[in-house]
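What follows is a single structure, written as structure tokens, with notes after it.
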Amino acid sequence: MFTGIFKDTSVRILITFMVVLCVLSSLVLPDWMQNNFMYGLSRGLAILGLMLLWRTNLVSFGHALYYGFGAYAVALCQKYFGITDILLRFAIAVIAAGLLGFCLGFILRKYREIFFAMLSLAFSMVLYGLLAKAEFLGSTDGMSISPSTLLGMELTRQYLFYLITFFVICAAISIQAYLRSTLGHLTTAIQDNEIRVEYLGYSVQKAIHIKYVMSACLAGGAGGLMAASLGQVDPDSMVNWNVSGELVFITIMSGWGNILAPFIGAIIFEFIRTYAFEWAPQAWAAIVGGTLLAIIFFFPGGIWSVIEKVFNYGKKKNVK
Amino acid sequence: MEIKIFNKTTKIASASMLVASCLFAGAAMAKDTVKVGVVSFLTGPAAGVFGVPAKQGAQIVIDAINNGTMPAPYNTQGFAGAKMNPVFSDESGGGTKQVGLFRDFVEKQKVDAMIGYISSGNCMAIGPIADELKMLTVFSTCGTPRLYEEKLRSHVFRTQANAVGDSLAAARYIVDMYPNEKNYTGINQNYAWGQDSYKFFELGMKQMSPDSKGSDKPQFPKLFVGQYGTEISALSLDKAKVVHSSFWNGDIEAFTLQAMVRGFFQKKIFVSSVGGSAVDALGKKFPDGIVMGTRGNVGLLARDNKDPLNLWFIGEYKKRFNALPLGPSYQYARSILAYKFAMDKAMKKAGKFPTQDQVIAAMKNIKFKSFTETISMARGGGHQAVHSVGYGLTKYNKKGKTPGAEKVKMYGPECIYPPAGTKSEDWINAGMPGAKCK
Chain A
39 MFTGIFKDTS
49 VRILITFMVV
59 LCVLSSLVLP
69 DWMQNNFMYG
79 LSRGLAILGL
89 MLLWRTNLVS
99 FGHALYYGFG
109 AYAVALCQKY
119 FGITDILLRF
129 AIAVIAAGLL
139 GFCLGFILRK
149 YREIFFAMLS
159 LAFSMVLYGL
169 LAKAEFLGST
179 DGMSISPSTL
189 LGMELTRQYL
199 FYLITFFVIC
209 AAISIQAYLR
219 STLGHLTTAI
229 QDNEIRVEYL
239 GYSVQKAIHI
249 KYVMSACLAG
259 GAGGLMAASL
269 GQVDPDSMVN
279 WNVSGELVFI
289 TIMSGWGNIL
299 APFIGAIIFE
309 FIRTYAFEWA
319 PQAWAAIVGG
329 TLLAIIFFFP
339 GGIWSVIEKV
349 FNYGKKKNVK
Chain B
152 MEIKIFNKTT
162 KIASASMLVA
172 SCLFAGAAMA
182 KDTVKVGVVS
192 FLTGPAAGVF
202 GVPAKQGAQI
212 VIDAINNGTM
222 PAPYNTQGFA
232 GAKMNPVFSD
242 ESGGGTKQVG
252 LFRDFVEKQK
262 VDAMIGYISS
272 GNCMAIGPIA
282 DELKMLTVFS
292 TCGTPRLYEE
302 KLRSHVFRTQ
312 ANAVGDSLAA
322 ARYIVDMYPN
332 EKNYTGINQN
342 YAWGQDSYKF
352 FELGMKQMSP
362 DSKGSDKPQF
372 PKLFVGQYGT
382 EISALSLDKA
392 KVVHSSFWNG
402 DIEAFTLQAM
412 VRGFFQKKIF
422 VSSVGGSAVD
432 ALGKKFPDGI
442 VMGTRGNVGL
452 LARDNKDPLN
462 LWFIGEYKKR
472 FNALPLGPSY
482 QYARSILAYK
492 FAMDKAMKKA
502 GKFPTQDQVI
512 AAMKNIKFKS
522 FTETISMARG
532 GGHQAVHSVG
542 YGLTKYNKKG
552 KTPGAEKVKM
562 YGPECIYPPA
572 GTKSEDWINA
582 GMPGAKCK
């Protein structure tokens with residue numbers, strides 16, 4: 039599955055982009071920009087997960103379920119077991135969300151289109167309800183998360199940034215490897231014609247289930263990293279339906295052309311929001327929404343389609 | 152060749168620096184200004200009656216201090232001589248979003264201090280980050296007692312007393328004014344503030360009136376839900392006559408309007424710990440005889456207070472915004488006063504413009520003059536204010552066409568707050584030892 043992965047153009051571009059980001063951040067970027075990149079990259083993982091589903095025509099309006107689940111897994115492990123190691127945090131978030139995704143996958147893999155979207159939304163709101171009502175989980179106030187450590191050492195934000203980029207590279211390469219595999223190619227085939235795929239001897243439900251778990255893992259990892267880099271979790275900014283909406287928003291904004299697209303989209307979103315908040319504290323939401331409208335009208339293929347046009351890249355790619 | 156490249160790079164660098172300096176002119180201001188982030192709800196359901204009046208209250212005091220037109224004892228110009236350049240920002244979107252914005256304020260906008268925050272959730276989220284980033288932060292309105300009871304904070308101050316006093320004063324008022332009412336219930340928003348408020352009201356009632364009994368069906372509707380038909384029916388059927396509520400924002404208005412038409416307030420003694428804003432918003436429609444609190448000697452309950460500072464504030468507010476200041480207006484203005492007080496004090500001690508650490512040292516344990524009383528930062532290691540909290544019965548003033556209150560009782564800090572270093576819940580359960588109530 040991983041053979042020749044480093045010869046893949048998308049992977050090379052991804053690694054170059056991340057390395058450039060790391061160099062920039064260590065040399066010139068001010069702290070606030072570094073923060074925005076960090077949030078963008080973390081959130082980008084969840085967008086990557088949504089993009090995976092989108093390739094099979096599945097849109098989840100409840101991915102904040104895994105995003106929040108990962109974040110709360112990190113918070114609870116700190117509260118009850120004192121775990122602050124970033125490697126453990128990331129692993130816990132990914133595994134916890136993956137397990138949840140595995141269980142719910144048995145139900146969700148049977149549904150498509152609006153039913154899939156609404157059912158996933160319903161599950162995420164169940165978690166929201168639980169978190170908002172349970173006092174020992176911090177209720178709507180949420181919980182704060184102490185700065186991360188690495189193998190017992192304190193971790194500066196600079197190193198946290200490097201680690202997040204590292205996690206992102208690993209995750210994105212795995213996804214690219216998956217997309218290049220038979221299973222990965224199946225996903226677009228499922229989008230085209232499910233019955234035909236079944237006749238070829240593959241189980242559509244199983245393929246979707248695997249994809250769903252991967253997507254849940256990515257969203258969980260995103261939540262975990264977000265919690266670690268922000269230092270706070272609460273149900274309204276991690277699990278509520280508008281968070282799911284925001285994730286879908288960024289996915290549409292990013293476009294689905296490449297594994298790098300989600301990260302670029304998420305980073306741009308962070309910057310739009312930062313400036314919108316600063317320039318128009320009373321109308322920031324209108325600016326953010328207006329941007330999406332503009333993108334849908336003028337670049338229906340998302341930001342990635344613009345990049346493709348500019349660099350004329352990706353036309354010959356077989357991975358769509 | 153090398154020199155050429157170097158020249159080109161220098162040119163580009165200097166050009167981009169020029170552009171950057173134009174763009175970020177705001178950030179690189181002269182030393183005679185202090186840049187302060189002022190955060191309150193500017194969008195969403197809490198903007199109208201909380202966030203915006205809060206911002207307006209801050210604006211009035213900031214402008215007056217910048218121009219040196221504030222009455223004594225704040226009649227010197229500026230904050231340690233510097234003018235304040237406030238950056239107003241929106242508080243909505245949840246704690247996690249606010250933490251991100253807070254980082255932006257500190258690292259991008261390079262503020263000198265942060266003031267504000269209404270939601271308890273946001274304060275709990277910002278507290279640890281403020282300490283981590285070493286940014287002087289003065290909370291204005293949020294009420295959760297956990298902020299300092301969980302942990303003492305190095306860089307965080309709060310000029311508003313916590314929710315414990317609001318609930319205990321409510322219980323005191325009921326015990327003092329309606330000694331024969333032994334059954335109580337409540338309707339509170341189902342989140343930290345609502346849960347805490349009712350918990351402390353209940354604990355207080357148990358101590359102050361041992362034979363009283365709480366209903367087994369207190370209502371906890373969701374925050375911002377706006378429809379209370381079922382809850383009102385349930386409360387009406389409950390035999391408990393006293394109904395405690397810590398509703399705020401638009402919820403208290405919605406509840407009042409819906410309960411009023413069902414004759415709810417004729418049957419019940421409704422105690423609202425923070426509904427003062429609704430009284431002004433609804434004007435003469437608001438029913439008389441509601442037990443109303445404003446979380447301190449501010450807003451509705453301070454209308455008749457003749458303190459010159461209070462008269463000035465009300466006058467200025469009316470002149471500029473054609474409205475009366477609400478509780479949050481006072482709370483935000485008060486934080487600005489505390490900041491000025493500490494800045495001036497630190498400057499006097501240091502002999503020059505103070506550093507942040509000097510300001511923090513100066514702010515600890517201060518007693519500063521507020522609009523209606525002198526407030527002392529006597530709890531939470533000198534970081535948490537205590538002040539008196541009052542309740543009164545709403546009474547519309549038909550002559551002046553303004554809402555007002557009668558039978559107002561103020562309870563001093565020694566009556567409703569535990570001594571420094573004691574957790575509120577332990578203190579109440581121990582029978583409130585040392586409480587001094589007039």
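Just so you know, the protein sequences line up as chains A and B, in that order.
When we follow our numbering, the leftmost residue of the first sequence carries the number 39, and every step to the right adds one.
When we follow our numbering, the leftmost residue of the second sequence carries the number 152, and every step to the right adds one.
Using N, Cα and C, we set each Cβ at its ideal position, and we do this for glycine too.
For the beta strand (DSSP E) that contains asparagine 548 of chain B, what are its first and last residues? 540 to 548
Could you tell me which of A:Leu217, A:Ala257, A:Ile124 sits nearest to glutamate 284 of chain A, measuring between CA atoms? A:Ala257
Any chance the stretch 462 to 471 of chain B sits against the stretch 426 to 439 of chain B, with 3 or more Cβ pairs inside 8 Å? no
Beta carbons nearer than 8 Å to chain B: which residues of the stretch 179 to 195 of chain A have them? Asp179, Gly180, Ser182, Ser184, Pro185
If you pair each beta-carbon of the stretch 343 to 363 of chain B with each one of the stretch 524 to 535 of chain B, do three or more pairs fall below 8 Å? no
Roughly how far, in whole angstroms, is the beta-carbon of proline 300 of chain A from the beta-carbon of tyrosine 166 of chain A, given that I think they are within contact range, below 8 Å? Not confirmed; about 24 Å, so no contact.
Excluding the 5 residues flanking valine 376 of chain B on each side, which residues of the same chain have their C-beta closer than 8 Å to its C-beta? Asp402
Valine 277 of chain A lies in the alpha helix (DSSP H); which residues open and close that run? Unbroken run through valine 277 of chain A: none, as it is neither H nor E.
Measure the beta-carbon distance from alanine 109 of chain A to glycine 261 of chain A and round it to whole angstroms, keeping in mind my assumption that it falls under 8 Å. 4 Å
When the distance is taken between beta carbons, is glutamate 258 of chain B closer than 8 Å to asparagine 73 of chain A? yes
Check whether the Cβ atoms of alanine 493 of chain B and isoleucine 517 of chain B lie closer than 8 Å to each other. yes
Which two residues bound the contiguous alpha helix (DSSP H) that contains arginine 150 of chain A? Neither: arginine 150 of chain A is in no alpha helix (DSSP H) and is coded neither H nor E.
Suppose only complete runs of 4+ residues qualify. What are the alpha helix (DSSP H) ranges in the stretch 357 to 431 of chain B, listed by chain order? 380 to 388, 400 to 411, 415 to 418
Need the endpoints of the alpha helix (DSSP H) that isoleucine 266 of chain B sits in, please. No alpha helix (DSSP H) holds isoleucine 266 of chain B; the beta strand (DSSP E) holding it covers 264 to 267.
Give the residues of chain A in contact with serine 271 of chain B, contact being defined as C-beta atoms less than 8 Å apart. Asp179
Compute the distance between the beta-carbons of serine 397 of chain B and asparagine 339 of chain B, then report whether it is under 8 Å. yes
Suppose the cutoff is 7 Å on Cβ atoms and the five residues either side in sequence are ignored; what does the same chain contact list for alanine 343 of chain B look like? Ser271, Gly272, Thr295
Kindly list, in the order they appear in chain B, the residues whose Cβ is closer than 7 Å to that of valine 271 of chain A. Thr247
Nearest candidate by alpha-carbon position, reference leucine 142 of chain A, set A:His101, A:Gly180, A:Ile130, A:Met191: A:His101
Would you list, in chain order, the members of the stretch 258 to 285 of chain A that have their beta-carbon closer than 7 Å to a beta-carbon of chain B? Leu268, Gly269, Gln270, Val271, Asp272, Asp274, Ser275, Met276
Per DSSP, what kind of secondary structure is phenylalanine 504 of chain B in: helix, strand or coil? coil
For the putative contact between leucine 52 of chain A and alanine 215 of chain A, defined by C-beta atoms under 8 Å, what is the C-beta separation to the nearest angstrom? So it is not a contact: roughly 12 Å between Cβ atoms.
In this structure, how does DSSP classify threonine 225 of chain A when only helix, strand and coil are distinguished? helix
Looking at the C-beta of phenylalanine 44 of chain A, does it have a partner C-beta in chain B at a distance below 8 Å? no
Flag threonine 122 of chain A as yes if its beta-carbon sits less than 8 Å from any beta-carbon of chain B, otherwise no. no
Buried/exposed call for glutamate 467 of chain B, threshold 16 Cβ in 10 Å: buried
Interface positions of the stretch 68 to 85 of chain A facing chain B (Cβ-Cβ less than 9 Å), listed along the chain: Pro68, Asp69, Trp70, Met71, Gln72, Asn73, Asn74, Tyr77
Within 8 Å, do at least three Cβ pairs link the stretch 282 to 290 of chain B to the stretch 307 to 325 of chain B? yes
With a cut-off of 8 Å on the beta carbons, I'd call glutamine 229 of chain A and asparagine 95 of chain A a contact; round off their distance for me. 5 Å
Rounded to whole angstroms, what's the CA-CA distance from serine 48 of chain A to proline 338 of chain A? Just pull it up for me. 21 Å
Under the DSSP definition of a beta bridge, which residues are partnered with isoleucine 338 of chain B? B:Gln370
Determine whether the beta carbon atoms of serine 275 of chain A and glycine 244 of chain B lie at a separation below 8 Å. yes
Are at least three pairs of beta-carbons, each pair with one atom in the stretch 209 to 222 of chain B and one in the stretch 483 to 490 of chain B, less than 8 Å apart? yes
Residue-level contact to chain B via CB, phenylalanine 119 of chain A, 8 Å cutoff: no
Please classify arginine 413 of chain B as buried or exposed, where buried requires at least 16 neighbouring CB atoms within 10 angstroms. exposed
Considering only residues of the same chain and omitting the five flanking positions on each side of lysine 500 of chain B, which have a CB-CB separation below 8 Å? Gln509, Ala513
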